[in-house]
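Enquirer:
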């Protein structure tokens with residue numbers, strides 16, 4: 006019996022992903038646990054494991070396909086004793102079960118085409134599914150069962166469908182110029198500029214569907230912006246999944262979380278001296294390039310530790326807001342903003358209050374390295390109880406960061422710089438860093454926020470207390 010391999014849900018919130026690469030080809034034997042493909046989400050590239058064994062009879066979704074929905078069939082396996090030809094012909098009719106959540110494995114579902122056709126009500130449904138699979142295997146897109154405006158079947162590339170959706174264009178009204186009349190990117194762009202559209206077909210007793218007003222308003226807004234610039238004076242760079250996710254989450258955060266901000270100055274001279282002393286005392290270990298220090302602490306490593314210990318000292322600020330209750334966390338899981346190509350990501354140091362500075366430093370280096378190659382697992386960047394964003398290396402004096410839900414706080418750290426300070430009635434020079442705590446006022450009130458950032462300042466200015 007054919008085994009359908011479906012697009013897995015690599016995290017609880019994943020709805021679609023890009024099938025970046027196949028690591029197997031048709032005719033290959035696979036066993037449970039074998040890595041068969043790489044899936045790109047908005048934040049990371051994940052390896053997909055097979056959960057069953059068999060022969061790859063058919064690759065349904067080609068490598069490089071974007072916007073593949075969770076639970077959509079991406080390949081068909083032939084079971085033991087079954088020919089690949091029979092499996093390819095018989096599989097793909099339905100994917101009625103959900104893929105496993107969050108384990109990086111592709112769902113394996115045994116499918117019976119006749120039973121699926123009966124379950125959906127007619128043989129036409131099985132035929133529709135087969136046409137969708139054939140289209141995807143040949144590099145095309147899954148055709149819509151029908152177009153809402155004309156009732157016609159539509160073949161379109163995934164990119165064309167996404168562009169049409171973003172522009173509020175009914176894909177069924179676009180004249181396709183690709184193979185078999187398939188709608189491609191240039192067709193949608195032409196339609197957006199008032200180009201070729203299919204003639205509306207009148208149906209007895211049926212009125213044409215009215216255009217969607219909200220998406221069209223968005224398209225009109227885009228057009229009004231484009232009119233401000235001379236044609237050819239700019240290049241349109243389409244938003245990728247990461248940028249769309251960042252935009253969505255930041256709008257949500259700034260419009261639903263009542264932010265307030267607390268800024269404090271911290272003297273760093275004692276911390277910098279301790280950091281040098283600890284780095285100089287680091288033991289040497291053997292590495293691929295010869296002996297190297299077992300650790301090399303950064304100021305940011307010590308800031309992470311100080312923020313974690315501050316939350317331990319002020320536990321009522323280590324919270325997340327929900328509509329029904331306040332979640333008071335038992336540990337300080339500190340997310341750290343890391344800039345990567347196309348956006349940023351916040352890998353998390355779990356239980357940072359319990360870890361040594363050297364452990365935090367080495368873990369952070371590993372997470373940042375894998376973040377930049379998009380190799381983090383979802384559990385390594387999702388969740389957390391607070392976050393740190395440091396722009397000091399860019400010379401930024403101070404700034405206010407946007408809270409990243411479900412956190413109630415985020416600490417924005419500026420550059421350490423020499424400034425005049427008054428000590429015992431006299432002016433002296435000290436290395437000073439400004440830190441701004443952004444706070445969710447629903448969860449952390451002003452006095453509580455001040456207590457938290459005050460605890461952070463105390464740890465930074467008396468860094469030996471982080472070692473005991």
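Numbering (my numbering), first residue to last: 6 to 473. Ideal Cβ positions, reconstructed from N, Cα and C, are used throughout, including at glycine. Here the structure is a predicted model, which is why all the values come from computation and not from measurement.
1) Does the distance from the CB of residue 167 to the CB of residue 72 come in under 8 angstroms?
2) Could you tell me the alpha carbon to alpha carbon distance between residue 360 and residue 469, rounded to whole angstroms?
3) Counting only runs that start and end within the region 228-310, where is the beta strand (DSSP E) found for 3 or more residues in a row?
4) How would you label residue 428, buried or exposed, when you count the other beta carbons within 10 angstroms and need 16 or more for buried?
5) With DSSP collapsed to three states, give me the class of residue 78.
6) Less than 8 angstroms between CB atoms is the rule here; does residue 442 satisfy it with respect to chain D?
7) Please state the DSSP three-state secondary structure of residue 468.
8) Within the chosen definition, does the region 428-447 reach the region 370-378 through at least 3 CB pairs nearer than 8 angstroms?
9) Looking at residue 316 and residue 455, is the spacing between their C-beta atoms short of 8 angstroms?
10) When you compare only the Cα positions, how much space is there between residue 159 and residue 70?
11) Helix, strand or coil: which one does DSSP assign to residue 422?
12) When the Cβ atoms of the region 332-345 are set against those of the region 271-278, are three or more pairs found closer than 8 angstroms?
13) With DSSP collapsed to three states, give me the class of residue 58.
14) Can you grab the Cα-Cα spacing for the pair residue 282 / residue 303, in whole Å?
15) With the cut-off set at 8 angstroms, would you say residue 314 and residue 358 are in Cβ contact?
16) Below 6 angstroms CB to CB, which residues in the same chain sit around residue 222 once its five sequence neighbours on both sides are set aside?
17) DSSP three-state label for residue 381, please.
18) Along the chain, which unbroken stretches of the beta strand (DSSP E) at least 3 residues long are found entirely within the region 399-465?
19) Note the first and the last residue of the continuous beta strand (DSSP E) segment covering residue 193.
20) When you compare only the Cα positions, how much space is there between residue 364 and residue 284?
21) Taking the Cβ atom as the reference point for each residue, do residue 53 and residue 64 lie within a distance shorter than 8 angstroms?
22) Please report the straight-line C-alpha distance between residue 55 and residue 355, rounded to a whole angstrom.
23) Classify residue 365 as helix, strand or coil using the three-state DSSP reduction.
24) Do residue 57 and residue 28 have their CB atoms nearer than 8 angstroms?
25) Let's test the definition: count the other Cβ atoms within 10 Å of the Cβ of residue 191 and tell me whether it reaches 16, buried, or not, exposed.
26) Roughly how many angstroms lie between the CA atoms of residue 59 and residue 68, to the nearest whole one?
27) What separation, rounded to the nearest whole angstrom, lies between the Cα atoms of residue 414 and residue 465?
28) For residue 331, collect the residues of the same chain with a Cβ closer than 7 angstroms to its Cβ; drop the 5 residues on either side in sequence, then sort them by chain order.
29) Classify residue 50 as helix, strand or coil using the three-state DSSP reduction.
30) Taking C-beta to C-beta, are residue 169 and residue 193 nearer than 8 angstroms?
31) With DSSP run on the structure shown, which of helix, strand or coil describes residue 20?
32) Using CA atoms only, rank isn't needed, just tell me which of 431, 16, 6 is closest to residue 384.
33) Classify residue 132 as helix, strand or coil using the three-state DSSP reduction.
34) Can you have a look at residue 353 and say buried or exposed, based on whether 16 or more other CB atoms are within 10 angstroms of its CB?
35) Which residues does DSSP list as the beta-bridge partners of residue 395?
36) Grab the span of the beta strand (DSSP E) containing residue 344 for me, first residue to last.
Expert: Let me spell this out:
1) Cβ distance < 8 angstroms, so residue 167 and residue 72 count as in contact.
2) One C-alpha to the other measures close to 15 angstroms.
3) Within the region 228-310, the complete beta strand (DSSP E) runs of at least 3 residues are 264-272, 289-292, 295-298.
4) Under this definition residue 428 is an exposed residue.
5) In the structure shown, residue 78 adopts extended strand secondary structure according to DSSP, grouped into three states.
6) The displayed structure is made up of one protein chain only, and chain D is not part of it.
7) If DSSP states are grouped into helix, strand and coil, residue 468 belongs with the helices.
8) Contact between the region 428-447 and the region 370-378 is absent, because fewer than three Cβ pairs lie under 8 angstroms.
9) Going by C-beta atoms, residue 455 is not nearer than 8 angstroms to residue 316.
10) So the alpha carbons of these two residues sit roughly 18 angstroms apart.
11) Secondary structure of residue 422 (DSSP, three-state): strand.
12) Contact fails: fewer than three Cβ-Cβ distances are below 8 angstroms.
13) Reduced to three states, the DSSP call for residue 58 is coil.
14) Roughly 12 angstroms separates the two Cα atoms.
15) In this structure, residue 358 lies closer than 8 angstroms to residue 314 by Cβ.
16) Bear in mind that a pLDDT of 44 at residue 222, under 50, signals an unreliable position, so the model cannot answer this.
17) The three-state secondary structure of residue 381, taken from DSSP, is coil.
18) List check, beta strand (DSSP E) in window: 414-428, 431-445.
19) Judged by DSSP secondary structure, residue 193 falls outside any beta strand (DSSP E) and instead within the alpha helix (DSSP H) spanning 190-197.
20) Rounded to the nearest whole angstrom, the C-alpha separation of residue 364 and residue 284 is 13 angstroms.
21) No; because the gap between Cβ atoms is not below 8 angstroms, this pair is not in contact.
22) Between the C-alpha atoms of residue 55 and residue 355 there is a straight-line separation of about 30 angstroms.
23) Helix.
24) Contact flag unset, no.
25) By the 10 Å Cβ count, residue 191 comes out exposed.
26) Using only the alpha carbons, I get a separation of about 20 angstroms.
27) The C-alpha of residue 414 lies about 18 angstroms from the C-alpha of residue 465.
28) Cβ neighbours of residue 331 within its own chain (closer than 7 angstroms, five residues either side excluded): 324, 448.
29) Correct three-state label for residue 50: strand.
30) Cβ distance < 8 angstroms, so residue 169 and residue 193 count as in contact.
31) Here residue 20 sits in coil by DSSP.
32) That would be 16, whose Cα lies nearest to the Cα of residue 384.
33) In this prediction, residue 132 has a pLDDT of 41, which is less than 50 and means its spatial position is unreliable; what the coordinates show is noted afterwards. The answer is helix: DSSP assigns residue 132 an H, G or I state.
34) With 16 or more other CB atoms across the displayed protein chains lying within 10 angstroms of its CB, residue 353 is buried.
35) 418, per the DSSP bridge assignment.
36) Its beta strand (DSSP E) spans residues 343-345.
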